[in-house]
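See below for the structure under consideration.
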Amino acid sequence: MNFDAEAPTPGERDVDFSAVDKVRLVEALARVLPAGALMYDPEDLRPYECDGLSAYRQLPLIVALPTSEEQVVAILRTCSAMRVPVVARGAGTGLSGGALPHAHGVVLSLARFNRILQLDPHARTAVVQPGVRNLAISEAAAPHGLYYAPDPSSQIACTIGGNVAENSGGVHCLKYGLTVHNLLRVRGVTIEGEIVEIGNHALDAPGYDLLALVTGSEGMLAVITEVTVKLTPKPQLAQCVLAAFDDVIRAGNAVAEIIAAGIIPAGLEMMDQPATAAVEQFVHAGYPLSAKAILLCESDGTPEEVAEEIARVRAVLDAGGATEIRVSRDEAERMRFWAGRKAAFPAAGRISPDYYCMDGTIPRKRLGEMLEAIQAMERKHGLRCINVFHAGDGNLHPLILFDANQPGELARAEEFGAEILELSVALGGTITGEHGVGIEKINQMCSQFSRPEITTFFRVKAAFDPAGLLNPGKAIPTLNRCAEYGRERVSKGHVPYPDIPRF
Amino acid sequence: MSDLIEQWQERVRAAAAAGTALQIRGGGTKAFYGRAPAGELFDVRGHAGIVSYEPTELVVTVRAGTPLAELEALLDDSRQMLAFEPPHFGATATIGGCVAAGLSGPRRAAAGALRDFVLGVKILDGRGDVLTFGGQVMKNVAGYDVSRLIAGSLGTLGVILEVSLKVLPRPVAEATLSLAMSEAEAIARLNEWGGQPLPLSASAWSDGVLNVRLSGAEAAVRAALARLGGEVVAADAADAFWGGLREQTADFFGDAALDESGTSLWRLSVPSAAAPLKLDGHQLIEWGGALRWLRSTVAAEAIRERTAALGGHATRFRGGARDGQIFHPLPAPLMTIHRRLKHAFDPAGIFNPGRLYDGL
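Protein sequence lines, in the order shown, are assigned to chains A and B.
Position one of the first sequence corresponds to residue 5 (the working numbering), numbered consecutively onward.
Position one of the second sequence corresponds to residue 626 (the working numbering), numbered consecutively onward.
As structure tokens, this is what we get:
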């Protein structure tokens, strides 16, 4: 069989949707939607022009705000028939431009799907609509001693539908998993208007694991209309250890030593000195400012369990050369320890007009190399960078500080970021741990994946969305784009940064 | 690329060109599972060995032909484990077969399933291309999660060459309790306990007896033992009990030829709080109520109907004809997606055709 002859390879180049006729589209959608569910005046579209990655802006043709699954089906059938791109949107808090509108497309907002449909404390499940906020689920479950474990830092605002689309993490995912580990079922609609039930309320489902495939698919496979999440018993107690180090590498080693001691902390975070300084003047968490790095290590469980684990963590940190160790004495102090870490992004926004957040993940043992390389990049690009990490799972969030009003700074920040991401791949990691590829990291996908792998992604997309109408141009780069980006690796054996020592 | 992989690429391309079905096989310990295997034997045990293992990274990368026992022994040396406790079903089980079958053992309800621990895969697809997805890190959302799609796909999408798995430390302390109670009471209690911060790591109810395993910090296990009551099972007996459950060597599973008696072993995956089955046969309940094994002569249709009514799905795990439905039938829109995915990875339909569903 000659595979090349079977069909054109999907994802060769971007599809041109400029023939979409706005007037005809508005007419067609108005026939299937109630008044008030459709917006097309530029004034009304403005709030939808970007998500949390505001450097990228684009007005859509139309924003649709359906209130029922039938309306979602009708919108998708209409767009499918008229070959119109559709971009699903939750709260718009995403950091990679995944919800950036398509210039010739419809933004399908799930904001009105905001009800918790069922909460079963006995079975520990919640059935929710996609527009329900992450934190709202935990709040509803709290009276039953339960909560929804994944806690992205935007959890006050971000929606569960967006969490599923991005496979969001949070500070507790080393122990409690990512979104993909805390879902039981997703109900959605394909671009062809078919309702699909993926997963169920049992612990597995027959056939291929489509639930994993849809989770983190960045709105490119189906539009989610309902989600069932697992609820977790709330630990009786949580306590946090704050440890200071006079050397970043030593702090990194301490992380490895905690894991080597057989401890899986509920959270394990690290901040470098510039990050500590930035948040301290913002939230006054009482962080030791002289430390080159601080670690936050949280233990949760029964009081006996926590006492036992904290003692073990203390011993490891002592032996690992911590210059200071504090254990939270009460809930207020624990919250204060965390306040600084959770305020890292806003603090960056306070000390700099703009910042650019990276999301690479690397094997923990390469942390020191990465930090040294970032220091060199700061000099090369003439920009500062402060570093916060989900150290327990190797997920880095370097925050590159810049001023978009200074000519050339945004471009330099982007180059800086691209360099960090490509080094993440070279060190054996990935360009995105939890924020998604979106539009932001689409070029770096070309360095992480080979041509046949990228083609496979397009084939997977086509299995759900043969016409390529759901969120086109995101997450998976066309081969043409990779060729233009000019850095496509012939094979993964090719390693950039040959001057970096490896061991 | 090693010579062996190049040979395999050639073989796959030739098989695709000729339309020759290939039956991918590791240790053959799960050959009983799924619909009847068909096609030329494709033995993948030659691609074996640990690629990398660093206990402090909590990740092991291993070639698919590596014996599962060898991998588990290696992890045990560092007091780590595959937390999903995969069944071996024989001494020759390989990690590739383990991932392809996607089965998890007693710890699943507490620790997660096999698919939850798969971080990355390297596969040989039906075009003869070697593809890598995921990686060796805990968090990775670049591209679709093909690694987890491969887990449990029974070799129908490609030949697994290498896998990276998250590993976990072995619990510091472990203890097993035995309590007498009815089926309905066991289901109720297990769900009640599941909503509390208890270190439950496995459960099994059968014939009026509920066994629960507690794993975690010394203090947590001690406190839970005092709280739950019942009788403490001696450590050796407990290990033998959970081992027998994991490997299905326990008396319940029996070794009597199922076919001759007309009995099948059904695996019913249901919501944990689902009501008692009320189906004729002998039952064993695992996973906090979410997995119900049933040895029964009841007709497949009746079993599937009852399981679906409870919100779950039924697999004819052992026994019965293997040319019919083994796995629960899929609704049409999902089957369409399955067919398209199969075609995406294996356009000539050569890998384990029909093993999962007819036509896949």
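Where is the CB? At the ideal position from N, CA and C, for every residue including glycine.
Since we're looking at a predicted model, the values are computed, not measured.
Per-residue contacts from residue i into chain B (C-beta, under 9 angstroms)
{"i": "I268/A", "result": "L683, L793, P794"}
{"i": "I480/A", "result": "G768, Y769"}
{"i": "R128/A", "result": "N816, G819, G820, S897, A898"}
{"i": "M362/A", "result": "None at all; the shortest Cβ gap to chain B is about 13 angstroms."}
Residue i - DSSP class collapsed to helix/strand/coil
{"i": "Y180/A", "result": "helix"}
{"i": "S428/A", "result": "helix"}
{"i": "H498/A", "result": "With a pLDDT of only 40 at H498/A, under the threshold of 50, the placement of this residue in the model should not be trusted; the figure read from the coordinates follows. DSSP places H498/A in coil when its eight states are reduced to three."}
{"i": "N6/A", "result": "Because the pLDDT of N6/A is 44, which lies under 50, any placement of that residue in the model is unreliable, and the question is left without a value."}
{"i": "L756/B", "result": "strand"}
{"i": "D628/B", "result": "helix"}
{"i": "E16/A", "result": "coil"}
{"i": "F866/B", "result": "helix"}
{"i": "P692/B", "result": "strand"}
{"i": "I329/A", "result": "strand"}
{"i": "C723/B", "result": "helix"}
{"i": "L207/A", "result": "coil"}
{"i": "P505/A", "result": "The predicted position of P505/A is uncertain, since its pLDDT is 33 and thus under 50; a value taken from the coordinates is nonetheless stated next. Three-state result, P505/A: coil."}
{"i": "F976/B", "result": "strand"}
{"i": "K478/A", "result": "coil"}
{"i": "M224/A", "result": "coil"}
{"i": "D322/A", "result": "helix"}
{"i": "D861/B", "result": "helix"}
{"i": "K967/B", "result": "helix"}
{"i": "D741/B", "result": "helix"}
Cβ-Cβ separation, residue j to residue i (assumed contact under 8 angstroms), whole Å
{"i": "I268/A", "j": "P794/B", "result": "7 angstroms"}
{"i": "T194/A", "j": "A226/A", "result": "5 angstroms"}
{"i": "V252/A", "j": "G372/A", "result": "7 angstroms"}
{"i": "E697/B", "j": "L683/B", "result": "Not quite, the Cβ-Cβ distance comes to about 15 angstroms (not below 8 angstroms), so this is no contact."}
{"i": "G135/A", "j": "N118/A", "result": "4 angstroms"}
{"i": "T306/A", "j": "Y291/A", "result": "29 angstroms between Cβ atoms; not a contact."}
{"i": "L299/A", "j": "A242/A", "result": "Incorrect: roughly 16 angstroms between the Cβ atoms, too far for contact."}
Distance CB(residue i)-CB(residue j) smaller than 9 angstroms
{"i": "A206/A", "j": "G936/B", "result": "yes"}
{"i": "L739/B", "j": "L756/B", "result": "no"}
{"i": "R773/B", "j": "D213/A", "result": "yes"}
{"i": "L853/B", "j": "V834/B", "result": "no"}
{"i": "R61/A", "j": "E53/A", "result": "yes"}
{"i": "F976/B", "j": "L786/B", "result": "no"}
{"i": "V1011/B", "j": "V685/B", "result": "No answer is possible for residue 1011/B: it lies beyond the span of chain B, which begins at 626 and ends at 985."}
{"i": "I962/B", "j": "F461/A", "result": "no"}
{"i": "R318/A", "j": "V331/A", "result": "yes"}
{"i": "V42/A", "j": "L49/A", "result": "Looking at the sequence provided, one finds Leu at residue 42/A rather than Val. Going by C-beta atoms, L42/A is not nearer than 9 angstroms to L49/A."}
{"i": "D250/A", "j": "K296/A", "result": "yes"}
Strand pairing of residue i, partner residues [DSSP]
{"i": "M274/A", "result": "L299/A, F393/A"}
{"i": "W818/B", "result": "DSSP lists no partner for W818/B."}
{"i": "D358/A", "result": "F406/A"}
{"i": "N836/B", "result": "S803/B, A829/B"}
{"i": "A809/B", "result": "For A809/B, which the question treats as bridged, DSSP gives no partner whatsoever."}
{"i": "K747/B", "result": "T757/B, E787/B"}
{"i": "Q705/B", "result": "P794/B"}
{"i": "L246/A", "result": "L300/A, R330/A"}
{"i": "T280/A", "result": "BP columns for T280/A are empty, so no partner."}
{"i": "Q122/A", "result": "V131/A"}
{"i": "T434/A", "result": "T365/A"}
{"i": "P199/A", "result": "For the record, residue 199/A in the displayed sequence is Ile; it is not Pro. Looking at the DSSP assignment, I199/A forms a beta bridge with V193/A."}
Partners in chain B for residue i, counting only beta-carbon separations shorter than 7 angstroms
{"i": "K234/A", "result": "Going along chain B, no residue has its Cβ under 7 angstroms from K234/A, so there is no contact; the nearest lies around 10 angstroms."}
{"i": "Y212/A", "result": "L774, S778, H963, L966"}
Partner residues on chain B for residue i, Cβ-Cβ distance less than 8 angstroms
{"i": "E302/A", "result": "Neighbours of E302/A on chain B: none; closest Cβ ~15 angstroms, over 8 angstroms."}
{"i": "V184/A", "result": "D741, D770, R773"}
{"i": "C486/A", "result": "Those do not exist, as C486/A stays about 13 angstroms from chain B at its closest Cβ, beyond 8 angstroms."}
{"i": "R368/A", "result": "T681, E682"}
{"i": "T219/A", "result": "D770"}
{"i": "M449/A", "result": "A767, G768"}
Proximal residues of chain A, C-beta to C-beta of residue i below 8 angstroms
{"i": "P958/B", "result": "T194, E198, I199, V200"}
{"i": "G664/B", "result": "Ordered by position in chain A, no residue passes the 8 angstroms Cβ test against G664/B, which lies about 16 angstroms from the chain."}
Closer than 7 angstroms at the beta carbon, the chain A residues around residue i
{"i": "N765/B", "result": "T365, T434, G437"}
{"i": "A845/B", "result": "G305, T306, E308, E309"}
{"i": "H953/B", "result": "P210"}
Cβ-heavy atom distance, residue i to the ligand ATP, below 8 angstroms
{"i": "D45/A", "result": "Because no ligand of any kind appears in the structure shown, any question about the ligand ATP cannot be addressed here."}
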